[in-house]
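What follows is a short report on a single structure.
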């Protein structure tokens, strides 16, 4: 029988198994998702599946560069302790290297990539079972450069923050300085024009209301907004920020002084936007007793 993509996706979300494994399981069970789940467990996916509902918000982010291509990868684990595990680090290196040598541009594509012992998804499932924590490839980002462009890479705190920049002109040192700036100051956008209009409009409204509440007239409040909106941009836009190595200039001026132009910036901070695990010790012990 024909197995729909939707059914494969559903089984994959339930089991954490690879797409091809889910397809095979459904084919062997005539599309019965419960039997397919059992088939996957019989093939060794039970341990990984058992952990699939747990929160993995720790881990590492790493950058891999080869010739004119660079890849940023974030792989998550449940605890910070595992991020220092040698096997976990080796797994990330394998994942990054395989992605770098492929055309994959998404997590979905990356998980199906083959290496000498199976797929990347197989590797993650096997390491999940061995290490004893839920592991997951959260995100990847790929950049390619031309001959007159430079990559800048910076890892902070052993890989808790990874920043990759692409600069035209200048040199690798300039590109790295901007990457370091991004790691330290956490900008949300590269250029002012990257800030969505609705974000600017909402900020203007808030700033105007603040000025009016200070007793200013609407005319004066409107003028005050223009000054305050510039300060807003200096906080959230990378090239408008004060340069961390020289507070007398902004990043834009630093780039101009080095005949460089910032084209792209990728910043991965491990676990950002994810719920952090907060079990207390007693709850953790009870979970283990219950086999959760």
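In my numbering, the protein residues as written are 1250 to 1541. By construction, the Cβ of each residue, glycine as well, lies at the ideal position given by its N, Cα and C atoms.
Supposed close pair residue i, residue j - CB separation, criterion 8 Å
i, j, result
"residue 1488", "residue 1499", "7 Å"
"residue 1286", "residue 1253", "No, residue 1286 and residue 1253 are not in contact; Cβ-Cβ is about 17 Å, not under 8 Å."
"residue 1520", "residue 1306", "4 Å"
"residue 1250", "residue 1279", "6 Å"
"residue 1418", "residue 1397", "7 Å"
Bridge partners - residue i, DSSP secondary structure assignment
i, result
"residue 1388", "1323"
"residue 1372", "Answer is none; residue 1372 lacks a bridge partner."
"residue 1312", "1321"
"residue 1499", "1491"
"residue 1413", "1402 and 1515"
"residue 1393", "1318"
"residue 1408", "Residue 1408 pairs with nothing; no bridge assigned."
"residue 1486", "1438"
"residue 1418", "1509"
Contacting residues, own chain, Cβ-Cβ under 7 Å from residue i (five flanking each side not counted)
i, result
"residue 1433", "1493"
"residue 1268", "1257, 1261 and 1361"
"residue 1523", "1306"
"residue 1403", "1412, 1425, 1428, 1429 and 1432"
"residue 1329", "1307"
"residue 1420", "1399"
Beta-carbon proximity of residue i to residue j, cut-off 8 Å
i, j, result
"residue 1470", "residue 1460", "yes"
"residue 1338", "residue 1389", "no"
"residue 1438", "residue 1369", "no"
"residue 1515", "residue 1413", "yes"
"residue 1512", "residue 1504", "no"
"residue 1376", "residue 1336", "yes"
"residue 1363", "residue 1325", "no"
"residue 1483", "residue 1490", "yes"
"residue 1274", "residue 1374", "no"
"residue 1393", "residue 1317", "yes"
"residue 1323", "residue 1387", "yes"
"residue 1427", "residue 1408", "no"
"residue 1509", "residue 1416", "yes"
"residue 1277", "residue 1288", "yes"
"residue 1341", "residue 1309", "yes"
"residue 1331", "residue 1380", "yes"
DSSP-derived helix/strand/coil call for residue i
i, result
"residue 1512", "strand"
"residue 1493", "coil"
"residue 1365", "coil"
"residue 1455", "helix"
"residue 1534", "Note that residue 1534 scores 37 on pLDDT, short of 50, meaning its location in the model is unreliable; the coordinates nonetheless yield the value given after this. Of the three classes helix, strand and coil, the one that applies to residue 1534 here is helix, per DSSP."
"residue 1346", "helix"
"residue 1521", "coil"
"residue 1357", "helix"
"residue 1427", "helix"
"residue 1382", "coil"
"residue 1474", "helix"
"residue 1265", "coil"
"residue 1255", "helix"
"residue 1463", "coil"
Neighbourhood of residue i by C-beta distance below 6 Å, restricted to the same chain and skipping five residues each side
i, result
"residue 1518", "1410"
"residue 1321", "1312, 1390, 1411, 1413, 1515 and 1517"
"residue 1477", "1456"
"residue 1452", "1481"
Close-in-space but distant-in-sequence residues of the same chain around residue i (CB under 8 Å, 5 per side omitted)
i, result
"residue 1534", "Per-residue confidence for residue 1534 stands at a pLDDT of 37, beneath the threshold of 50, marking its modelled position as unreliable; the derived number appears in the next sentence. Result list for residue 1534: empty, nothing under 8 Å."
Chain D within 8 Å of residue i, Cβ atoms only
i, result
"residue 1350", "Among the chains of the structure shown, chain D does not appear; only one protein chain is present."
heavy atom of the ligand ZN below 7 Å from residue i C-beta
i, result
"residue 1390", "As presented, the structure is devoid of all ligands, the ligand ZN included, so that no description of it is given."
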